[in-house]
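Below: the structure, in structure tokens.
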Amino acid sequence: MISVIINGESRQFDSPLNCSELIERLSLTGKRVALERNGEIVPRSRLADQPLADGDRLEIVVAVGGG
Amino acid sequence: MKPHENLDSLVIGGQTYHSRLLIGTGKYKDFAETRAAVEASGAQIVTVAIRRTNIGQDPKQPSLLDFLPPSKYTLLPNTAGCYTADDAVRTLRLARELLDGHDLVKLEVLGDPKTLYPNVVDTLAAARTLVKEGFKVMVYTSDDPIIAKQLEEIGCVAVMPLASLIGSGMGILNPWNLQIIIENAKAPVIVDAGVGTASDAAIAMELGCDGVLMNTAVAAAAKPILMATAMKQAVEAGRAAFLAGRMPKKLYSATPSSPTGGLITPGK
């Protein structure tokens, strides 16, 4: 079981998964998002080969209205 | 002749734009109103903010970019809400990834949540890092001419001094500083923040600014779509007046527009 922090919230996963699977698990597939893992950007092309590790801190962002 | 046909284009970071009005997408009632306002404004460059996605939200809910697609607009991600250089840099790295490598960005580092006045020291630091990483930085700053020049020398593609505080609608508080910034600048100067109504935008353009960026002035108007149209016209009018070369201001001139000879009654 791994425990990660996504957008400031703690989440647990029973089995290992990579970033691409995480996006799917969070119902974000097909949405335009960007992901940062432990302070580093994970490009869309590399999401599938980045396995999540226990203690990872992730930020997943979108574009919203702003000035 | 279409209004912009006799006006010169705006070039930022090697790209040409015919609209000198840049607009934000915050504070609108909904996405439909946002889009209608952007369309009425004629803006081609549109700012967006970068925020955590709401996990657990219904995936079928529409998002802003459904209404303002990157294929149609130049989306300009900002660093609103960032109070340190590090936060701003992180935000824009995420933004570049989010927008498929598009690297034209708006940098703002705030110093105070009450006034939203920029922290120019951290802004300079963030600008140095971002320019080194290949970003094309349009940088929000104070109307300090020395800072503005330093930001340009760092390699920012546009300098964006405030007219007055973000969201204040106070208009241009220091046209003299703006004039100095414009005089010293080789990069485009775009007034950003504090515009309240159409005349503010026109005045900015008459001073010689290359463009105007606004959000609240349109979104918080009683009729945002109508105000967006007014702003489009104001920016065009101001630019045309600037290019036309205004008459000088004098205390008095003693040169009336009508002939002084041929009067039926003797003059003084």
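So the protein sequences, as listed, match chains E and Y. Quick note: the first sequence uses the working numbering, first residue 4, plus one each step. Quick note: the second sequence uses the working numbering, first residue 134, plus one each step. The C-beta atom is built at its ideal place from N, Cα and C for all residues, glycine as well.
Simplified DSSP state of residue i, which is helix, strand or coil
i	result
glycine 70 of chain E	coil
threonine 362 of chain Y	helix
aspartate 191 of chain Y	coil
methionine 134 of chain Y	For methionine 134 of chain Y, the predicted structure reports a pLDDT of 43, less than 50, and the residue's modelled location is therefore unreliable. The matter cannot be settled from this model.
phenylalanine 268 of chain Y	coil
glycine 371 of chain Y	helix
proline 278 of chain Y	helix
aspartate 325 of chain Y	strand
leucine 198 of chain Y	helix
Beta-carbon gap between residue i and residue j smaller than 8 Å
i	j	result
asparagine 10 of chain E	alanine 51 of chain E	no
alanine 218 of chain Y	alanine 182 of chain Y	no
isoleucine 8 of chain E	arginine 40 of chain E	no
leucine 227 of chain Y	valine 270 of chain Y	no
tyrosine 216 of chain Y	glutamine 177 of chain Y	no
valine 179 of chain Y	isoleucine 145 of chain Y	no
alanine 355 of chain Y	glycine 327 of chain Y	no
leucine 38 of chain E	isoleucine 63 of chain E	yes
phenylalanine 164 of chain Y	leucine 143 of chain Y	no
isoleucine 358 of chain Y	alanine 173 of chain Y	yes
alanine 291 of chain Y	proline 321 of chain Y	yes
alanine 334 of chain Y	valine 351 of chain Y	no
glutamate 266 of chain Y	isoleucine 44 of chain E	no
leucine 284 of chain Y	alanine 260 of chain Y	yes
Amino acids of chain E, ordered along the chain, whose beta-carbon sits closer than 7 Å to that of residue i
i	result
isoleucine 183 of chain Y	Val64, Ala66
Within chain E, the residues that residue i reaches when beta carbons sit closer than 8 Å
i	result
glycine 329 of chain Y	Simply none; closest approach about 14 Å.
Cross-strand partners of residue i (DSSP beta bridge)
i	result
leucine 61 of chain E	E:Ile9, E:Arg40
threonine 224 of chain Y	Per DSSP, none; premise fails for threonine 224 of chain Y.
glycine 157 of chain Y	Y:Thr180
valine 345 of chain Y	Y:Leu154, Y:Val324
Supposed contact pair residue j and residue i - C-beta distance, whole angstroms, cut 8 Å
i	j	result
valine 264 of chain Y	methionine 293 of chain Y	With 8 Å as the limit, valine 264 of chain Y and methionine 293 of chain Y do not qualify as a contact, their Cβ atoms being about 15 Å apart.
leucine 298 of chain Y	threonine 248 of chain Y	6 Å
phenylalanine 200 of chain Y	valine 238 of chain Y	Rounded, the Cβ-Cβ distance is 21 Å, inconsistent with contact.
glycine 175 of chain Y	lysine 365 of chain Y	4 Å
Chain E contact residues for residue i, given Cβ-Cβ distances below 9 Å
i	result
isoleucine 188 of chain Y	Ile9, Asn10, Glu12, Arg14, Leu29, Ser30, Leu31, Ile63
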